[in-house]
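Please read the structure below before turning to the comments.
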Amino acid sequence: MKTRILVPGLILLLALTGGRAAGPAKSASLSQDVVADANGGLQNVIIFVADGLAARAYDPPSESAVIEQKGCMYQPHVIAMHANQKLEVINRDPTTHNIHPIPANNREWNKAELPGAKVEDTFAREEIAIPVKCNVHPWMKSYIAVFKQPYFVMTGKDGSFDLNNLPPGTYTLKAWHEKLGTAAQQITIGASETKTVEFVFKPKPGV
Ligand SMILES: [Cu+2]
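Below is the structure:
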């Protein structure tokens, strides 16, 4: 079973304030590289502020980011987290996995996990995004995006999401997808203002 969809002009919508972010991906397919709903809403896209924030240091959240190995897949397939936030990786399968992120801008690590095991680690620097594999199961792939600021969110099943509490200002907003690349646009948002922004990814050959 495949969830690849060849829709011209995959669309994703986002509201900049109000509401909650949608939940993580829950696909039963082994191929998770392009997951879209019937309307072309694209899942597993990271929306983030790439430019325009005041130069300041942000503390990582105290709660952990979590990835599970479940059914020999990474769940969710793509996560976004804060630099130096704790990442928990939990093996829910009755088989041994390992998690092996292959960063370009962070320390590489590689941890084996017996059934039911949990391992923890962090990434210190911003990197969008780190490919992750399992050395035991070659089809198990995921991506971890690491940010040094808190204004990032994943799209939900319908391609939508909310990016809340952005301070008034003008920003470059980017949308990142593992196969379709990066789209960018500039937005200006005022105090208590809600805006809807739409990114359109054009399908690439072979995707
Ligand atoms: Cu595995």
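Residue numbering for the sequence shown follows the numbering used here, beginning at 6 and increasing consecutively. A virtual CB, placed ideally from N, CA and C, is assigned to each residue, including glycine.
May I ask which residues mark the beginning and end of the beta strand (DSSP E) holding Asn103? The continuous beta strand (DSSP E) containing Asn103 extends over residues His102 to Pro106.
Which partner residues does His87 have in the DSSP bridge list? In the DSSP output, where bridge partners are listed per residue, His87 has Phe152.
Three or more beta-carbon pairs under 8 Å between the segment 104 to 119 and the segment 39 to 53, yes or no? Output reads no: the segment 39 to 53 does not touch the segment 104 to 119.
Is the beta carbon of Val83 less than 8 Å from the beta carbon of Met159? For Val83 and Met159, yes; Cβs fall inside 8 Å.
Within this structure, are the beta carbons of Phe206 and His182 separated by less than 8 Å? Closer than 8 Å, so yes.
Please list, in chain order, all residues with a C-beta atom less than 5 Å from at least one heavy atom of ligand 1. Cβ-based neighbours of ligand 1 within the cut-off: His102, Cys139, Val141, His142 and Met145.
So, does the segment 59 to 74 touch the segment 179 to 194, judging by three or more C-beta pairs under 8 Å? With the rule of 3 Cβ pairs closer than 8 Å, the segment 59 to 74 does not count as touching the segment 179 to 194.
Where DSSP assigns a beta bridge to Ser165, which residues make up the other side? DSSP lists no partner for Ser165.
In three-state DSSP terms, what is Gln74? The answer is strand: DSSP assigns Gln74 an E or B state.
If I follow the unbroken beta strand (DSSP E) through Leu92, where does it start and stop? Run containing Leu92: Leu92 to Asn96, per the beta strand (DSSP E) assignment.
Count the other CB atoms, across all protein chains shown, that sit within 10 Å of the CB of Gly121; report buried if there are 16 or more and exposed otherwise. Classification for Gly121: exposed.
Which first and last residues belong to the beta strand (DSSP E) in which Phe204 is found? Per DSSP, Phe204 belongs to the beta strand (DSSP E) from Thr201 to Phe206.
Residue from Ile51, Gln80 and Leu47 whose Cα sits closest to the Cα of Cys139: For the set Ile51, Gln80 and Leu47, the Cα lying nearest the Cα of Cys139 is the one of Gln80.
Could you spell out where the beta strand (DSSP E) holding Leu178 opens and where it closes? Its beta strand (DSSP E) spans residues Gly174 to His182.
Comparing C-alpha positions only, which one of Leu178, Phe53, Ala60 and Met145 sits nearest to Tyr101? It is Thr, not Tyr, that sits at residue 101 in the sequence shown. From the listed residues Leu178, Phe53, Ala60 and Met145, the smallest Cα separation to Thr101 is found for Met145.
8 Å contact criterion, which Phe53 and Lys184 should meet: CB distance rounded: Wrong, their Cβ atoms sit about 18 Å apart, outside the cutoff.
Mind checking whether Met5 and Val151 have CB atoms under 8 Å apart? Beyond the ends of the chain as shown, which are 6 and 212, falls residue 5; an answer cannot be given.
In three-state DSSP terms, what is Tyr63? Looking at Tyr63 - three-state DSSP - the assignment turns out to be coil, as it is neither helix nor strand.
Taking the straight line between their C-alpha atoms, what separation do you get for Ala188 and Ile51? Ala188 and Ile51: Cα-Cα distance of roughly 11 Å.
Residues in its own chain within less than 8 Å of Gln190 by CB, not counting five upstream and five downstream? Closer than 8 Å at Cβ, skipping near neighbours: Thr177, Leu178, Val202 and Phe204.
Does Lys31 come out as helix, strand or coil in the three-state DSSP assignment? Confidence at Lys31 is low in this model, with a pLDDT of 37, below 50, so its placement is unreliable and the value that follows should be read with caution. Collapsing the DSSP output to three states places Lys31 in coil.
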